[in-house]
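2 protein chains.
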Amino acid sequence: MTNLCPIMHPVAGVYLGSCAAKIKKNGNPDLVIMELTEGALTVASFTLNAFCAAPVTLAKEHLKSHSPRALLINSGNANAGTGAQGMADARQSCAWVAAELGCLPEQVLPFSTGVIGQNLPMEKLHEGIPQALANLSITGWEEACKGIMTTDLVPKAISREVKVDGHSVMITGISKGSGMIHPNMATMLGFVATDAKINQACLQQALTDSVNLSFNRITVDGDTSTNDACTLTATQKADMPTIDEVNSNAYADFSNAINDVMIELAQMIIRDGEGATKFVTVAVEGGKSTEECLKVAHAVALSPLVKTALFASDPNWGRILAAVGRSGVDKLDVNTLKIYLGDVCIVENGGKALSYTEEAGQAVMNETDITILIQLNRGSVNETVWTTDFSYDYVKINAEYRS
Amino acid sequence: MTNLCPIMHPVAGVYLGSCAAKIKKNGNPDLVIMELTEGALTVASFTLNAFCAAPVTLAKEHLKSHSPRALLINSGNANAGTGAQGMADARQSCAWVAAELGCLPEQVLPFSTGVIGQNLPMEKLHEGIPQALANLSITGWEEACKGIMTTDLVPKAISREVKVDGHSVMITGISKGSGMIHPNMATMLGFVATDAKINQACLQQALTDSVNLSFNRITVDGDTSTNDACTLTATQKADMPTIDEVNSNAYADFSNAINDVMIELAQMIIRDGEGATKFVTVAVEGGKSTEECLKVAHAVALSPLVKTALFASDPNWGRILAAVGRSGVDKLDVNTLKIYLGDVCIVENGGKALSYTEEAGQAVMNETDITILIQLNRGSVNETVWTTDFSYDYVKINAEYRS
Chain L
989 MTNLCPIMHP VAGVYLGSCA AKIKKNGNPD LVIMELTEGA LTVASFTLNA FCAAPVTLAK
1049 EHLKSHSPRA LLINSGNANA GTGAQGMADA RQSCAWVAAE LGCLPEQVLP FSTGVIGQNL
1109 PMEKLHEGIP QALANLSITG WEEACKGIMT TDLVPKAISR EVKVDGHSVM ITGISKGSGM
1169 IHPNMATMLG FVATDAKINQ ACLQQALTDS VNLSFNRITV DGDTSTNDAC TLTATQKADM
1229 PTIDEVNSNA YADFSNAIND VMIELAQMII RDGEGATKFV TVAVEGGKST EECLKVAHAV
1289 ALSPLVKTAL FASDPNWGRI LAAVGRSGVD KLDVNTLKIY LGDVCIVENG GKALSYTEEA
1349 GQAVMNETDI TILIQLNRGS VNETVWTTDF SYDYVKINAE YRS
Chain C
989 MTNLCPIMHP VAGVYLGSCA AKIKKNGNPD LVIMELTEGA LTVASFTLNA FCAAPVTLAK
1049 EHLKSHSPRA LLINSGNANA GTGAQGMADA RQSCAWVAAE LGCLPEQVLP FSTGVIGQNL
1109 PMEKLHEGIP QALANLSITG WEEACKGIMT TDLVPKAISR EVKVDGHSVM ITGISKGSGM
1169 IHPNMATMLG FVATDAKINQ ACLQQALTDS VNLSFNRITV DGDTSTNDAC TLTATQKADM
1229 PTIDEVNSNA YADFSNAIND VMIELAQMII RDGEGATKFV TVAVEGGKST EECLKVAHAV
1289 ALSPLVKTAL FASDPNWGRI LAAVGRSGVD KLDVNTLKIY LGDVCIVENG GKALSYTEEA
1349 GQAVMNETDI TILIQLNRGS VNETVWTTDF SYDYVKINAE YRS
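Protein chains in written order, with the working numbering: chain L, 989 to 1391; chain C, 989 to 1391.
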């Protein structure tokens, strides 16, 4: 990855304004407003953490009753663990944006990422909001991308022109997060916009499906944040018939394109995990259900023993085998499953594969991108998750984060 | 903890012999045989890992049909991931012991701990078994304790004379394991013997209950081994009436004493976790069920973010809050729960406790023994687990283990 954003194509009907409101100590941009044209539809997906932050609670509430006209995003402060004051602050922030834009406060969705447990610096927000609005522009994506970063080392953005049943559609999105390795600053946020014409139900379906294939499939350490959120906005500005049926070629094209964008944005977060030296794909094939495939995948992806072996480039197949074995899948028959490291079979018939050699395993482990494939051979469901290794730097970063 | 065993009282009817069969490279004792007197009853609890090792499979099989007369334990090789050859080797080992002792092979229970995926060195076992048997003695506990160690830094043993409904009963036990931080060498094994007179059903109940309160409540990194096992033998030699009813004072006394011994043996494993700098108690109170209490306890105890904060002695309450929030307990009301660090309330009313100060939290975090208490306030079930922090050494030990 590079420190440069890719070329970010504007999306008709989306205007972005950013400023440095000094919420972040380093003086980088930390306040972003996305104004959405009248008639744009926005759907969102939020963290399942029971301790969700005030802006998450408020954004859900606003989405129930109104169609959003603006997204307000601040970095540097998560407004989480802030109780009643946090809710009041989130409401006030939305009201300030609404007053400037001439919409209802309920038409503004708030998002925050940063330190947990400190109240929002309301004066800075009050001063920053007009500044951010003053530079609203359809070309503001790159600044916005930088404005939502916290401990991210690189900006995460993608922009694609795709064909939807023959019609040109633009999709541009940004994300942030260092793979949950900075808990207080590690919110995963994603904001994707398209000019596609599509109804609410189809848009919601496309978001739900794509988040399940992307943000819900990446994991560094199993910790999910209080603030995670992802939005998908369709401005309806493209020259095309409205997608109003999930069983259509147009929906299939659109859905595939959104999946690709979301997966890429999510994988960028994993690749930017500080302390991460490996990009690891854990694929589980032949399960009876999504649930059991994910149990196995997460047992392997989250095992500290597997992750430290990955860091050491050590083809320690016994750790992978033990992790699969303890995954809790009912009646798992260890004699019929197979485990591969890259294209090297490491486990079959309940033990080390006869064909396995340490040299072959080592060759795979020496790569930066590694795939662990587990074939359960008991069903037809496949699932994939992406993760990183555990390095000295993981401990260093997380042990020293607040000191 | 010290490197010295406590005084180990013999248990009438239990004879222990050890030798250095050179299965371990360092020349330390690695083969232990416990001969059990005629009439002794033995119950056992095994790993739930689907990839259980050959000796675990065989020990379960033997226990179904016969009353054990001997336990055969080797360290240095786990005989796991060894397929059909592993089973044949385990059977042969039992047959050799049986031939020497004049019992059936099915009356010998095998246990192995050490490297995964290598076949047992059968010649060394064949030579070692007579050597170990040659020094069978009721005073052989200390040697046995050292003989089952792998990467353990200290021997783990306990011996107590207790009163069971007024009668003196001896309980002596040994355990090994470095808290699962050495996956291939980290099997948790526990062997406890008592001279109590007790029937099979009561003995089994005492073991099941005590393992649930001890070995099943310790966790370093969530990885369970292919070889974990714990046995409880009652030789029936004590001068007392037989305990044959769980609803009796005698059973209550016995059960409490076994619980204490098992918890102490299990906690010794946590304290010996290499890389561990903290001993952490995670207590969950007021849950609706054991299951939900353990979900919360494990979410906190296994969170790498919480564990690295513990290593840094950082009172990062936001990480604990986030871990509780993502524990997956249904309808968890974050506004009614409370979280304490030692006796300092850190979370209440859905956010940081108003009374909380960084100084108070820091004072608790500076201790070596730390208690995190989560009061769910929605039921009457309490559960406790014990764990450690994540240190640089955790990564170092596990990354460099095989190189």
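All C-beta atoms, glycine included, are put in the ideal place defined by N, C-alpha and C.
Inset, instruction - Name, please, each residue of chain L whose Cβ falls closer than 8 Å to the Cβ of C/Ile1104. - result: Within chain L, the residues Gly1306, Leu1309 and Ala1310 have their CB atoms less than 8 Å from the CB of C/Ile1104, given in chain order.
Inset, instruction - Go ahead and label L/Ile1136 buried or exposed: buried means 16 or more other beta carbons lie within 10 angstroms of its beta carbon, across all protein chains shown. - result: By the 10 Å Cβ count, L/Ile1136 comes out buried.
Inset, instruction - Look at the alpha carbon of L/Thr1138 and the alpha carbon of L/Val1234, and state the distance between them as a whole number of angstroms. - result: Straight through space, the alpha carbons of L/Val1234 and L/Thr1138 are spaced by roughly 37 Å.
Inset, instruction - To the nearest angstrom, report how far apart L/Lys1012 and L/Cys993 are at their CA atoms. - result: Cα-Cα distance, rounded: 21 Å.
Inset, instruction - Determine which residues share a DSSP beta bridge with L/Ser1006 and list them. - result: By DSSP's assignment, L/Ser1006 forms a beta bridge with L/Val1020.
Inset, instruction - Run the CB neighbour count on C/Gly1339, radius 10 Å, all protein chains shown included, and call it buried at 16 or more, exposed below. - result: The residue in question, C/Gly1339, is buried, as its Cβ has 16 or more Cβ neighbours within 10 Å.
Legend entry - Per-residue DSSP class, three states only, for C/Arg1148: C/Arg1148 sits in a strand when the DSSP states are folded into three classes.
Inset, instruction - Compute the minimum distance between the beta carbon of L/Lys1225 and the heavy atoms of the ligand MN, and state whether it is under 7 Å. - result: As for the ligand MN, it is missing from this structure, which has no ligand bound.
Inset, instruction - Could you please tell me which residues of the stretch 1043-1076 of chain C, in chain order, have their CB closer than 9 Å to any CB of chain L? - result: Residues passing the 9 Å Cβ filter: Ala1066, Ala1068, Gly1069, Thr1070, Gly1071, Ala1072, Gln1073 and Gly1074.
Legend entry - Residues of the stretch 1321-1345 of chain C whose Cβ lies closer than 7 Å to any Cβ of chain L, in chain order: Hits within the stretch, in order: Val1322, Asn1337, Gly1338, Gly1339 and Lys1340.
Inset, instruction - Grab the span of the alpha helix (DSSP H) containing L/His1114 for me, first residue to last. - result: In the DSSP annotation of this structure, the continuous segment of the alpha helix (DSSP H) that includes L/His1114 starts and ends at Met1110 to Ala1122.
Inset, instruction - Determine the DSSP secondary structure at L/Pro1303, reduced to helix, strand or coil. - result: In the structure shown, the three-state DSSP call for L/Pro1303 is coil.
Inset, instruction - Return the bridge partner residues of L/Glu1371 from the DSSP annotation. - result: DSSP lists L/Val1272 as partners of L/Glu1371.
Legend entry - DSSP state of C/Lys1384 mapped onto helix, strand, coil: In the structure shown, C/Lys1384 sits in a helix (DSSP, three-state: H, G or I).
Legend entry - chain C contact for L/Gly1313 (CB, 8 Å cutoff): True, the Cβ-Cβ gap to chain C drops below 8 Å.
Legend entry - The alpha helix (DSSP H) enclosing C/Gly1280, as first and last residue numbers: The amino acid occupying residue 1280 of chain C in the given sequence is Glu; Gly does not appear at that position. Thr1278 to Leu1290 is the extent of the alpha helix (DSSP H) around C/Glu1280.
Inset, instruction - Would you check if the stretch 1088-1098 of chain C and the stretch 1187-1201 of chain C touch, i.e. whether three or more CB-CB distances between them fall below 8 Å? - result: The stretch 1187-1201 of chain C vs the stretch 1088-1098 of chain C: no contact.
Legend entry - Paired residues, beta bridge with C/Ala1222 - DSSP: Residue pairing of C/Ala1222 in beta bridges, as defined by DSSP: C/Leu1029 and C/Thr1182.
Inset, instruction - Identify each residue in the stretch 1291-1302 of chain L for which the Cβ-Cβ distance to at least one residue of chain C is less than 8 Å, and report them in chain order. - result: Residues of the stretch 1291-1302 of chain L with a Cβ closer than 8 Å to any Cβ of chain C, in chain order: Ser1291, Pro1292, Leu1293, Thr1296, Ala1297, Phe1299, Ala1300 and Asp1302.
Legend entry - C/Pro1171 versus C/Val1103: straight-line alpha-carbon distance, rounded: For C/Pro1171, the predicted structure reports a pLDDT of 46, less than 50, and the residue's modelled location is therefore unreliable. The matter cannot be settled from this model.
Legend entry - chain L contact for C/Asn1365 (CB, 8 Å cutoff): So, not an interface residue.
Legend entry - Residue from L/Asn1065, L/Ala1066 and L/Ala1047 with nearest C-alpha to L/Arg1057: Selected option, being the one with the closest Cα: L/Ala1047.
Inset, instruction - Let me know the secondary structure DSSP gives L/Leu992 once reduced to three states. - result: The answer is coil: DSSP assigns L/Leu992 none of H, G, I, E or B.
Inset, instruction - Could you work out which residue in C/Cys1281, C/Lys1164 and C/Thr1160 is closest to C/Thr1221 when comparing CA atoms only? - result: Ranking the options by Cα distance to C/Thr1221, first place goes to C/Thr1160.
Legend entry - Three-state class that DSSP yields for L/Ser1163 in the structure shown: Looking at L/Ser1163 - three-state DSSP - the assignment turns out to be strand.
Inset, instruction - Please list, in chain order, all residues of the same chain as C/Ile995 whose beta carbon is under 8 Å from its beta carbon, the five residues on each side excluded. - result: The residues are Ser1147.
Legend entry - Top-ranked residue by Cα proximity to C/Gly1306, from C/Val1317, C/Asn1370, C/Leu1320 and C/Ser1291: Among C/Val1317, C/Asn1370, C/Leu1320 and C/Ser1291, the Cα nearest to that of C/Gly1306 belongs to C/Ser1291.
Inset, instruction - Compile a chain-ordered list of the residues in the stretch 1371-1387 of chain C whose CB is closer than 8 Å to at least one CB of chain L. - result: Going along the stretch 1371-1387 of chain C in chain order, one finds Phe1378, Ser1379, Tyr1380, Tyr1382, Val1383, Lys1384, Asn1386 and Ala1387 with a Cβ nearer than 8 Å to chain L.
Inset, instruction - Give me the Cα-Cα distance between L/Gln1224 and L/Phe1267, rounded to the nearest whole angstrom. - result: Roughly 36 Å between the two C-alpha positions.
Inset, instruction - Taking only beta-carbon positions, decide if L/Phe1034 is within less than 8 Å of chain C. - result: Taking Cβ atoms only, chain C never reaches closer than 8 Å to L/Phe1034, which makes this a no.
Legend entry - For L/Leu1177: DSSP bridge partner residues: L/Leu1177 pairs with L/Lys1164 and L/Ala1217.
Legend entry - Spatially closest choice to L/Asp1318 from C/Ala1038, C/Ala1000 and C/Ser1033, by CA coordinates: Ranking the options by Cα distance to L/Asp1318, first place goes to C/Ala1038.
Inset, instruction - Go through the stretch 1075-1108 of chain L residue by residue and report every complete run of the beta strand (DSSP E) that reaches 3 residues or more, in order. - result: Scanning the stretch 1075-1108 of chain L for uninterrupted beta strand (DSSP E) segments of 3 residues or longer gives 1096-1103, listed from N- to C-terminal end.
Legend entry - Secondary structure of L/Leu1329, DSSP reduced to three states: The answer is strand: DSSP assigns L/Leu1329 an E or B state.
Legend entry - Reduced DSSP category for L/Ile1011 - H, G, I as helix; E, B as strand; rest coil: DSSP, reduced to helix, strand and coil, places L/Ile1011 outside both helices and strands of the structure shown, so it counts as coil.
Inset, instruction - Would you please verify whether the beta carbon of L/Asn1037 is less than 8 Å from any beta carbon of chain C? - result: Yes, L/Asn1037 lies at the interface with chain C (some Cβ there is under 8 Å from its Cβ).
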